[in-house]
Amino acid sequence: MDANQRKAMKGIIKTTLKNLEENGFETAFVNDRNELLTLIKTLIPENASTASGGSETLLETGILEYLKTKTNYTEDSRKAFVSEHYLASANALTIHGEIYEVDARGNRVAAMLYGPDKVIIVAGINKLVLDLREAVERVKTKAAPPNCIRLEKDTPCTKTGICVSPYFDNRHLCALGCQSDGRICSNTVIFSRQMVKKRITVIIVGEEYGY
Ligand code: SF4
């Protein structure tokens, strides 16, 4: 990314953060992984009870290691509901201030929706998209296929690298796709304007992480 692209990206990040705040989310921006870990340690003290959804972002940034070694972390997806803090990443963040998530079982989005009092979403700049159309296509072309490969799912996208229906369809949103039993694109949630303000904090990191 050259200086001009970085400046344009700064504008996109600023608009996304502003619209997320207007939708009732707490927000923060950090430049890199080091700043991110410092912020996370401020928000989540050692020994706090924590849980997380499956996330390459949390793994790559070192957050998962912090949670597992320094906090009271549970792997139990039902106990996650009564943790103090729940962490996850986003499949996409729209510039309009929406968080777009697609789950397999739905344990991650369920906890995000109605679980812990404090939810933290960490997203690299690769997760930023213009709108829900791009969010849908991002999942089908960039997020779900490598996740299916990582999870060794027997789905069409593990062979072709792309969903069988990779384009946005306004009648079906993310409902179209394969008929495979291994399909991970099963439950779609769009977090838009929040009734409970500032329960969810969105942290955008100025680097690329996860799928
Ligand atoms: S619907 Fe099926 S083919 Fe499409 S991305 Fe999801 S798992 Fe892959």
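Those letters in the sequence shown? Residues 1220 to 1430, by our numbering. Positions of the beta carbon are idealized from the N, C-alpha and C atoms, including for glycine. All of these numbers come straight from a predicted model, not from anything done at the bench.
Whole-angstrom C-beta distance between residue j and residue i, which should lie under 8 Å
i, j, result
"Glu1321", "Val1358", "Looking at the sequence shown, residue 1321 is not Glu but Val. 5 Å between Cβ atoms; contact."
"Lys1346", "Ala1299", "The pair is not a contact, with the Cβ atoms about 22 Å apart (cut-off 8 Å)."
"Tyr1285", "Ala1362", "In fact, because the Cβ distance is near 24 Å, the residues do not count as touching under 8 Å."
"Ser1274", "Ser1296", "With a Cβ gap of about 13 Å, Ser1274 and Ser1296 do not count as contacting."
Nonlocal neighbours in the same chain, by C-beta distance under 7 Å from residue i, ignoring five residues either side
i, result
"Ala1267", "Thr1290, Asn1291, Glu1303, His1304"
"Asp1352", "Residue identity check: residue 1352 is Arg in the sequence provided, not Asp. Same-chain partners within the cutoff: Phe1387."
"Leu1277", "Ser1271, Leu1283, Leu1306, Ser1308, Val1341"
"Gln1224", "none"
Among the options, nearest to residue i - alpha-carbon criterion
i, options, result
"Ile1419", "Glu1240, Lys1226, Met1228", "Glu1240"
"Thr1379", "Phe1387, Cys1397, Asn1223", "Cys1397"
"Ser1411", "Lys1417, Asn1242, Arg1327, Lys1229", "Asn1242"
8 Å Cβ shell around residue i - same chain, five flanking residues per side excluded
i, result
"Leu1349", "Thr1313, Ile1314"
"Asp1251", "Val1424, Gly1425, Glu1426"
"Ala1323", "Arg1402, Ile1403, Cys1404, Ser1405, Asn1406"
"Cys1393", "Val1321, Val1355, Val1358, Lys1359, Cys1404, Thr1407"
"Leu1255", "Val1249, Thr1280, Ile1282, Val1341, Ile1422, Val1424"
Same chain, Cβ closer than 6 Å to residue i, five either side skipped, listed in chain order
i, result
"Ile1409", "Glu1317, Tyr1319"
"Val1383", "Pro1375, Cys1397"
"Thr1377", "Cys1367, Ile1368"
Pairwise C-alpha distance: residue j and residue i
i, j, result
"Pro1375", "Pro1264", "43 Å"
"Thr1280", "Gly1272", "14 Å"
"Ile1282", "Ala1227", "28 Å"
"Asp1221", "Ile1231", "15 Å"
"Lys1237", "Val1301", "30 Å"
"Ser1399", "Lys1372", "9 Å"
"Lys1260", "Val1338", "14 Å"
"Tyr1428", "Asn1253", "13 Å"
Do the stretch 1324-1337 and the stretch 1360-1378 touch if we need at least three Cβ pairs shorter than 8 Å?
no
Between the stretch 1421-1430 and the stretch 1335-1347, do at least 3 Cβ pairs fall closer than 8 Å?
yes
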